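For the record, in the sequence shown the residue sitting at position 156 is 147 according to my numbering, with numbers rising by one throughout.
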Amino acid sequence: MTIKERYNGIVRWFGENMPVAETELHYENSFQLLVAVILSAQCTDRRVNLVTPPLFTAFPTPETLAAATFDEVYPYIRSVSYPNSKTRHLIAMAQKLLSDFGGEVPSDLDALMSLPGVGRKTANVIASVVYDKPVIAVDTHVFRVAHRLGLSDGKTPEAVERDLERHIPVERRAISHHWLILHGRYTCTARNPKCTECPLTDWCREFILKNTQL
């Protein structure tokens, strides 16, 4: 099977069977999504969704968050991973939004990555979800699924991102991020992947190799 055939088969299956795929983070505007994605680093979306409603009530805008102290923000996010650094990042991010971007979440990737707590993955999520840009954010789920399926052998998230964007049509890139995340979260799990339930085995390199060796 060629790499083109593998990509075409997988993208076609998702397009036919999962035409709607969105982030599972709860948010009402771009600022809230930015906060939620920062909090989601090495933390489950379920946990973040429990934390953000009272956080957004207390700090609904960049202005209110920028004016907050560490001790005011920390109690709201103490149950997420790395709460100390994330508290500092959220406050500094809000302050920079105000000082450099007029309180608006920028669409440019470099501008997004200039914000405290925002790396390439977070920037790509915002750019694709909010601004519908043709980029693919590579988190641990996407990285794992891409390798297992045989979509990439990249050693870094950036290398996997380049491979995915090279082979996935521009108009499919934003939704492909969600397809791969959801597949990794519920089917191609890190431990005990549900191969017997997986609809992608016809194209999955790891599944094919394992069954060829039997």
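C-beta: ideal position from N, C-alpha, C; glycine also.
As the structure is a computational prediction, the values presented were derived from the model and not from experiment.
CB of residue i within 8 Å of CB of residue j, strictly
i      : j      : result
Phe22  : Pro53  : yes
Val28  : Ser70  : no
Val133 : Ile172 : yes
Lys112 : Pro74  : no
Ile68  : Leu46  : yes
Leu16  : Asn40  : yes
Val129 : Val151 : yes
Val64  : Arg163 : no
Trp170 : Met9   : yes
Ala59  : Ile82  : yes
Cys179 : Val109 : no
Thr78  : Phe61  : yes
Residues of its chain near residue i, where Cβ-Cβ distance is below 6 Å and the 5 sequence neighbours each way are ignored
i      : result
Leu231 : Here the chain has residues from -8 to 205 only, and residue 231 is not among them.
Gln33  : Ser72
Ala57  : Ala85, Gln86 and Leu89
Ser31  : Val39
Val161 : Pro125
Arg37  : none
Euclidean distance between Cα positions of residue i and residue j
i       : j      : result
Arg224  : Ser167 : Nothing can be reported for residue 224, as the shown portion of the chain is limited to -8 through 205.
Val11   : Pro125 : 16 Å
Pro89   : Val26  : The sequence shown places Leu at residue 89, not Pro. Approximately 15 Å, taken between the alpha carbons.
Ala114  : Leu100 : 6 Å
Lys185  : Val120 : 28 Å
Leu155  : Ile127 : 7 Å
Ser76   : Glu7   : 41 Å
Pro66   : Ala118 : 29 Å
Pro190  : His174 : 10 Å
Thr55   : Glu19  : 16 Å
Glu188  : Tyr177 : 10 Å
Lys201  : Gly93  : 54 Å
Asp238  : Asp91  : With the chain covering only -8 through 205, there is no way to say anything about residue 238.
Ile(-6) : Phe198 : 15 Å
Ser98   : His80  : 19 Å
Leu24   : Val96  : 10 Å
Thr14   : Pro51  : 20 Å
Own chain residues within Cβ distance below 8 Å of residue i, not counting five before or after
i      : result
Asp123 : Ala165
Pro44  : His17
Glu245 : Nothing can be reported for residue 245: it is not among the residues displayed for the chain, which extend from -8 to 205.
Arg153 : Gly145
Own chain partners of residue i with C-beta closer than 7 Å, once the 5 adjacent residues on each side are dropped
i      : result
Ala181 : Arg135
> So does the segment 187 to 195 actually touch the segment 135 to 146, counting three or more Cβ pairs closer than 8 Å?
Replying inline: With a cut-off of 8 Å, the segment 135 to 146 and the segment 187 to 195 count as touching, because enough Cβ pairs lie within range.
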